[in-house]
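S.K.: Numbers given in the working numbering equal positions in the sequence shown, counted from 1, plus 55. Just so you know, even glycine gets a beta-carbon here, dropped at the ideal spot from N, CA and C.
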Amino acid sequence: MAKRSGLGKGLNSLMGGADAEVAAAVTPDSILPLSEIRPNKDQPRKNFDEDALEELTDSIRQNGVLQPILVRKKGQKYEIVAGERRYQASKRAGLTEIPVIIKDISDEDVFKLALIENLQRSDLDAIEEAQGFKALLTKTGMTQAELGQSVSKSRSAIANSLRLLDLPEEVQQMMVERKITAGHARAILSVADDDARIKLAQKVVDDGLSVRQTENLAPLFSVTDRQPPVRVATPQSYKRAARQLRLALDTNVKVKRLRNKNKIEIEFADEEQLAKLVEQLSKVTMEGGE
Numbered sequence: 056m057a058k059r060s061g062l063g064k065g066l067n068s069l070m071g072g073a074d075a076e077v078a079a080a081v082t083p084d085s086i087l088p089l090s091e092i093r094p095n096k097d098q099p100r101k102n103f104d105e106d107a108l109e110e111l112t113d114s115i116r117q118n119g120v121l122q123p124i125l126v127r128k129k130g131q132k133y134e135i136v137a138g139e140r141r142y143q144a145s146k147r148a149g150l151t152e153i154p155v156i157i158k159d160i161s162d163e164d165v166f167k168l169a170l171i172e173n174l175q176r177s178d179l180d181a182i183e184e185a186q187g188f189k190a191l192l193t194k195t196g197m198t199q200a201e202l203g204q205s206v207s208k209s210r211s212a213i214a215n216s217l218r219l220l221d222l223p224e225e226v227q228q229m230m231v232e233r234k235i236t237a238g239h240a241r242a243i244l245s246v247a248d249d250d251a252r253i254k255l256a257q258k259v260v261d262d263g264l265s266v267r268q269t270e271n272l273a274p275l276f277s278v279t280d281r282q283p284p285v286r287v288a289t290p291q292s293y294k295r296a297a298r299q300l301r302l303a304l305d306t307n308v309k310v311k312r313l314r315n316k317n318k319i320e321i322e323f324a325d326e327e328q329l330a331k332l333v334e335q336l337s338k339v340t341m342e343g344g345e
């Protein structure tokens, strides 16, 4: 397993035990009204699993919020750094206040910590993860290698994740809805045209294709989108020469251009006809040399 970077360790120390949904009780810094708390608008996770959120809501109704959420002071309110699921479930459960741990955290570190918190729990879908990586690179100016070190991923894993954002929005939405996997998406990315990518993704969903089947099918979608090669018309002089040779040799003759080369093709039925053709052509050569 990859070793956690300094940023990952910083998350644990900053959260001070506030990084679990339900666990042993941790002494909060304060109890705040839910009305004074607001979610982080830059929270990497945009979609919450409805069943899991409902389970947490039921647990909070029965046991209360065992783990405080992590917040920071933001103007006259408090902004969530970690624990938005507990916040959302508490509202559903009808609570009016929630235990909190208050930390002084910079804007840059808030996004980093929110992203890493979700990555540690595998809470993000592949598109949310890619969007989080892109936003973090933009906000911090880190390289892909530095970001990979921060989130315990290789640089190539970061690059592959970011490539998912090259997919058409329709295909990205299929990923968000868990209709196709990241493996399917990588196969779809091998198709150059966006319209063809959408068609292939829809076929994956409609036919329930595996990743391997999608990989095998992708080249066919690439081929169908290519323009057919332009056919060059045979010059009239070639056609006239072919007719004259057919009459002279009494067999089918073709004069054509193939792969930038000019060729004469003379048909013959058997060795006897071949010998006759050689004799005829030899006479023409000798007559031409006299």
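Would you call S145 buried or exposed, if buried means 16 or more other Cβ atoms sit within 10 Å of its Cβ?
M.R.: For the purposes of this step, residue 145 is taken as the residue at position 90 of the sequence shown. Buried: at least 16 other Cβ atoms inside 10 Å.
S.K.: Please name the residue in Q143, Q268, D113 and Q199 whose C-alpha comes closest to that of I92.
M.R.: Here residue 92 refers to the residue found at position 37 when the sequence shown is read from its first residue. Nearest option by C-alpha distance: Q143.
S.K.: Am I right that L111 and I156 are in contact with their C-beta atoms under 8 Å? What's the rounded C-beta distance?
M.R.: Walking along the sequence shown from the start, residue 111 turns up at place 56. Walking along the sequence shown from the start, residue 156 turns up at place 101. Between I156 and L111 the Cβ distance is about 19 Å, and since that is not below 8 Å, they are no contact.
S.K.: Can you pull the DSSP bridge partners for R312?
M.R.: Walking along the sequence shown from the start, residue 312 turns up at place 257. The partner list for R312 (beta bridge, DSSP) reads N317.
S.K.: Just to confirm, is the Cβ distance from A240 to A169 under 9 Å?
M.R.: Mapped onto the sequence shown, residue 240 falls at position 185. Mapped onto the sequence shown, residue 169 falls at position 114. No, Cβ-Cβ distance for A240 and A169 is not below 9 Å.
S.K.: Would you kindly check if the distance between the Cβ of L244 and the Cβ of L272 is under 9 Å?
M.R.: By 1-based counting over the sequence shown, the position of residue 272 is 217. By 1-based counting over the sequence shown, the position of residue 244 is 189. It is not a contact, given that the beta carbons lie outside the stated cut-off.
S.K.: Let me confirm a value: Q204 is counted as buried when at least 16 other C-beta atoms fall within 10 Å, else exposed. Which label applies?
M.R.: Position 149 of the sequence shown holds residue 204. Q204 is buried by the Cβ-count criterion.
S.K.: Pop quiz: R127 and E134 are said to be a contact at Cβ under 8 Å. What is the actual Cβ separation, rounded to whole angstroms?
M.R.: For the purposes of this step, residue 127 is taken as the residue at position 72 of the sequence shown. For the purposes of this step, residue 134 is taken as the residue at position 79 of the sequence shown. About 6 Å separates the two Cβ atoms, so the contact holds.
S.K.: Taking the Cβ atom as the reference point for each residue, do Q199 and A214 lie within a distance shorter than 9 Å?
M.R.: On the sequence shown, position 144 is the one that residue 199 refers to. On the sequence shown, position 159 is the one that residue 214 refers to. In this structure, A214 lies closer than 9 Å to Q199 by Cβ.
S.K.: Can you tell me where the beta strand (DSSP E) with K129 in it begins and where it stops?
M.R.: The sequence position of residue 129 within the sequence shown is 74, counting from 1. I124 to K129 is the span of the beta strand (DSSP E), which, as asked, contains K129.
S.K.: Leaving out five residues on either side along the sequence, give the residues of the same chain with a beta carbon under 7 Å from the beta carbon of L108.
M.R.: The residue given as residue 108 occupies position 53 in the sequence shown. These residues qualify, in order along the chain: R140, Q143 and A144.
S.K.: Throw me the rounded Cβ distance for the L89 and I153 pair, which I believe falls under 8 Å.
M.R.: To locate residue 89, count along the sequence shown from 1; it is residue 34. To locate residue 153, count along the sequence shown from 1; it is residue 98. Confirmed, about 6 Å.
S.K.: Would R267 and T289 qualify as a contact pair, given that the criterion is a beta-carbon distance under 9 Å?
M.R.: Residue mapping note: residue 267 aligns to position 212 of the sequence shown, counting from 1. Residue mapping note: residue 289 aligns to position 234 of the sequence shown, counting from 1. Going by C-beta atoms, R267 is not nearer than 9 Å to T289.
S.K.: Distance check for L275 and A297, CA to CA, integer angstroms please.
M.R.: On the sequence shown, position 242 is the one that residue 297 refers to. On the sequence shown, position 220 is the one that residue 275 refers to. Rounded to whole angstroms, A297 to L275 spans 38 Å at the Cα level.
S.K.: Going by DSSP, what residue range makes up the alpha helix (DSSP H) through A185?
M.R.: Working through the sequence shown from its first residue, we reach residue 185 at position 130. Here the alpha helix (DSSP H) through A185 covers A181 to T195.
S.K.: Taking only three categories from DSSP, how would you classify V165?
M.R.: In the sequence shown, counting from the first residue as 1, residue 165 sits at position 110. Reduced to three states, the DSSP call for V165 is helix.
S.K.: Sorted by chain position, which residues of the same chain lie with C-beta nearer than 8 Å to Q335's C-beta, five sequence neighbours on each side aside?
M.R.: On the sequence shown, position 280 is the one that residue 335 refers to. Non-local C-beta neighbours of Q335 in its own chain, meaning closer than 8 Å and more than five positions away in sequence, comprise A303 and L304, ordered along the chain.
S.K.: Going by CA-CA distance only, name the one from F188, T195, L220 and D104 that's closest to K208.
M.R.: Walking along the sequence shown from the start, residue 208 turns up at place 153. The shortest Cα separation from K208 among F188, T195, L220 and D104 belongs to F188.
S.K.: Using DSSP bridges, identify the partner residues of P290.
M.R.: Residue 290 sits at position 235 when you count from the first residue of the sequence shown. Answer by DSSP bridge pairing: none, since P290 is not bridged.
S.K.: For S265, which of D249, T236 and I253 has the nearest alpha-carbon?
M.R.: To locate residue 265, count along the sequence shown from 1; it is residue 210. For S265, the nearest C-alpha among the options comes from T236.
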